[in-house]
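Asks: Please see the structure below; I have some questions.
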Amino acid sequence: MFADLSPQPADKIIALMAAYREDPRTDKIDLGVGVYKDESGNTPVMRAVRTAEAELVAAQTTKTYTRLIGDADYIAAMQELALGDLVARDRVTGSQAPGGTGALRMLFELVRLARPTARFWISDPSWPNHAGILKHMGTPPRSYSYFDPVSRSVRFDAMMEDLKEAGPNDVVILHGCCHNPTGANLTVAQWEALAESAVSQGWLPLVDLAYLGLGDGLAEDAAGYRAMAVRVPRMMIAMSCSKNFGLYRDRAGATVVIGETPAEASMVEGTLASLNRLTYSFAPHHPAAIVARILSTPALRAEWEEELGEMRDRVNGLRHSLASALRQETNSDRFDFLAEHRGMFSLLGASSDQVEAMRADNGVYMVGDSRMNIAGLHPDQIPGFARAIIAAGV
Ligand code: LMR
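If you use this note's numbering, the sequence shown corresponds to residues 313 to 706, in order.
Following this line, the structure appears as structure tokens:
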């Protein structure tokens, strides 16, 4: 049986993590996988997480199973985090999931069960695993125009034009905020226009929400997709707590689904529970319990929001410092987009040869399409990195 296997293509983001680890240079720069690093180059356990985790361990009396759908407090807290009270509670349902990828996968499964012929759309470009999972499931996605590499902004007219082809059989994946890999985001008005298109053409939005709070703030980052949520009959959200709670390896994620009616939401909930059972039975409880405790305990929530704010300010500060170092190096404003983009990522605009040259000559690790994780930079590395970019001819 296994003799029939052939080597699978390596995931380019995960492969980069290993390559970086193995590089012996001490001045190497890690701009690969989307992981936040603090001033000392460490990916911290957040303060509120540490406290909530200690309290949980002390109070825990059992590790017996929870529910297939997941921990009720966590699910309610994640729905509130995503949507506030903007959508009637009885139209909103969802499940716990192992990380954001697990949430996406379960939502793809939900769609496949509901409509085996459904088509998926992703932005051009998008997080590579969107296409990876969908191809693996036998439903390669179509892509809609998104990023203009010249203006470094969203090609909204072209996006809307492409989505004219989407109808009731289509699911359109949108990045809730902090677009991965471009850092170029939709305005609230553009989300509203997309909502109109979803309503008039009947397509179903699936919002990938992996970076909430890391752009401009929790409320600010939510404003766009929330404007859509109050306008459309149905919507799906895949949430991740990897970055904004720093729970990467623990795997806390959630699906949030808005149904047209309470009965539809209830049908979705039962289906998600069944799909969980068929896939992994129960999602990891420990990280979800940490998040639920933080979100439902005012002091912990305030501490979490404060630290998230510190992380966001650091990333936005790094964006400004890099843009200004490149302004000095080039005597031009051609890298000012770095200060305007939001979230962990921006596309530098380098060719794959230039990316390769920066890795070989300067120990700079970024994804081959020149996606940089700005959150991986240390301020001391910025002048040298700016010189490396120019030396590579970017
Ligand atoms: C990334 O895009 O680097 C992160 O979302 C990590 C991952 O799983 O790819």
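Glycine included, every Cβ here is placed at the ideal spot set by N, Cα and C.
Should W503 be counted as a contact of the ligand LMR given a C-beta to heavy atom distance under 7 Å?
Replies: Because no heavy atom of the ligand LMR lies under 7 Å away, the Cβ of W503 does not count as near it: no.
Asks: Taking only the alpha-carbon atoms, compute the straight-line gap between L659 and I702 and give it to the nearest angstrom.
Replies: The straight-line gap from Cα to Cα measures roughly 15 Å.
Asks: With H, G and I counted as helix, E and B as strand and the rest as coil, what does DSSP make of M579?
Replies: It is helical.
Asks: DSSP has L486 in a bridge; who is on the other side?
Replies: Per DSSP, V519.
Asks: Answer yes or no: the CB of I606 versus the heavy atoms of the ligand LMR, is any distance below 7 Å?
Replies: Checking the Cβ of I606 against the ligand LMR gives no.
Asks: Say the cut is 7 Å; is the CB of V345 nearer than that to a heavy atom of the ligand LMR?
Replies: Yes, the Cβ of V345 comes within 7 Å of a heavy atom of the ligand LMR.
Asks: Kindly indicate the opening and closing residues of the beta strand (DSSP E) around A539.
Replies: From DSSP, A539 is part of no beta strand (DSSP E) but of the alpha helix (DSSP H) over L530 to A541.
Asks: Is any heavy atom of the ligand LMR found at a distance shorter than 7 Å from the C-beta of N354?
Replies: Result no, Cβ not under 7 Å from the ligand LMR.
Asks: If you follow the beta strand (DSSP E) that T405 is in, where does it begin and where does it stop?
Replies: It spans V404 to A409 - the beta strand (DSSP E) in which T405 sits, taken as one unbroken run.
Asks: Span of the alpha helix (DSSP H) holding M472?
Replies: Residues F468 to D474.
Asks: Where DSSP assigns a beta bridge to L659, which residues make up the other side?
Replies: In the DSSP output, where bridge partners are listed per residue, L659 has R683.
Asks: Could you tell me the boundaries of the alpha helix (DSSP H) in which R563 lies?
Replies: Counting along the chain, R563 falls outside any alpha helix (DSSP H), and DSSP gives it neither H nor E.
Asks: Is the beta carbon of V519 less than 8 Å from the beta carbon of M547?
Replies: Closer than 8 Å, so yes.
Asks: In this structure, what does DSSP give as the bridge partners for M547?
Replies: The partner list for M547 (beta bridge, DSSP) reads I570.
Asks: Evaluate contact between the stretch 625-638 and the stretch 678-690, counting only Cβ atoms and requiring at least three cross-stretch pairs below 8 Å.
Replies: Yes: the two stretches touch, three or more of their Cβ pairs being nearer than 8 Å.
Asks: Alpha carbon to alpha carbon, how far is V544 from M449?
Replies: When rounded, the distance between both Cα atoms is 27 Å.
Asks: Flag I325 as yes when its Cβ comes closer than 7 Å to any non-hydrogen atom of the ligand LMR, and as no otherwise.
Replies: The answer is yes for I325.
Asks: Quick one: is the Cβ of W439 within less than 7 Å of any heavy atom of the ligand LMR?
Replies: Flag set: Cβ of W439 near the ligand LMR.
Asks: By Cβ distance below 8 Å, which residues in the same chain neighbour L475 in space, the five residues on each side in sequence not counted?
Replies: Around L475: W433, Y456, V484, L506, S509, Q513 and W515.
Asks: Could you tell me if G655 is buried or exposed, where buried requires 16 or more neighbouring beta carbons within 10 angstroms of its beta carbon?
Replies: Classification for G655: buried.
Asks: Alpha helix (DSSP H) containing R337: first to last residue?
Replies: Where R337 is concerned, there is no enclosing alpha helix (DSSP H), given that its DSSP letter is neither H nor E.
Asks: Near G558, which residues of its chain fall below 6 Å by C-beta distance, leaving aside the five closest residues on each side in sequence?
Replies: Excluding positions up to five away in sequence, the list reads M358.
Asks: According to the neighbour-count rule (16 or more other Cβ atoms, all chains shown, within 10 Å of its Cβ), is H597 buried or exposed?
Replies: Buried, because 16 or more other Cβ atoms sit within 10 Å of the Cβ of H597.
Asks: Could you give the residue range of the beta strand (DSSP E) that holds D385?
Replies: Not the beta strand (DSSP E): D385 falls in the alpha helix (DSSP H), residues A384 to L395.
Asks: Please classify R671: does DSSP put it in a helix, a strand, or coil?
Replies: Reduced to three states, the DSSP call for R671 is helix.
Asks: Measuring straight from C-alpha to C-alpha, what distance separates A389 and G536?
Replies: If I take the Cα positions, the gap works out to 20 Å.
Asks: Taking 7 Å as the cut-off, does the CB of N492 come closer than this to any heavy atom belonging to the ligand LMR?
Replies: Yes - the ligand LMR has a heavy atom lying nearer than 7 Å to the Cβ of N492.
Asks: Rounding to the nearest angstrom, what Cα-Cα distance links P574 and L368 in this structure?
Replies: Spanning the two alpha carbons is a distance of roughly 33 Å.
Asks: Which residue from L587, P321, A601 and P691 puts its Cα closest to that of T374?
Replies: When each option's Cα is compared against that of T374, the closest is A601.
Asks: When you measure from the CB of A522 to every non-hydrogen atom of the ligand LMR, does any distance come out below 7 Å?
Replies: Result yes, Cβ under 7 Å from the ligand LMR.
Asks: I need the straight-line Cα distance from D383 to D645, nearest angstrom please.
Replies: So the two alpha carbons sit approximately 49 Å from each other.
Asks: In angstroms, rounded to a whole number, what distance separates the CA positions of L380 and A662?
Replies: Their Cα atoms are separated by approximately 46 Å.
Asks: Touching or not, the stretch 603-619 and the stretch 434-445, by the rule of three or more beta carbon pairs under 8 Å?
Replies: Verdict: no, contact absent.
Asks: Between which two residues does the alpha helix (DSSP H) holding D625 run?
Replies: From DSSP, the alpha helix (DSSP H) with D625 extends over P610 to T642.
Asks: Note down, in chain order, each residue of its chain lying with its Cβ closer than 6 Å to the Cβ of P480, except the 5 sequence neighbours on either side.
Replies: If we look at P480 and ignore the five residues flanking it on each side, its Cβ neighbours are G514.
Asks: Would the beta-carbon of S407 fall within 8 Å of that of T591?
Replies: No, these two residues do not count as a Cβ contact at 8 Å.
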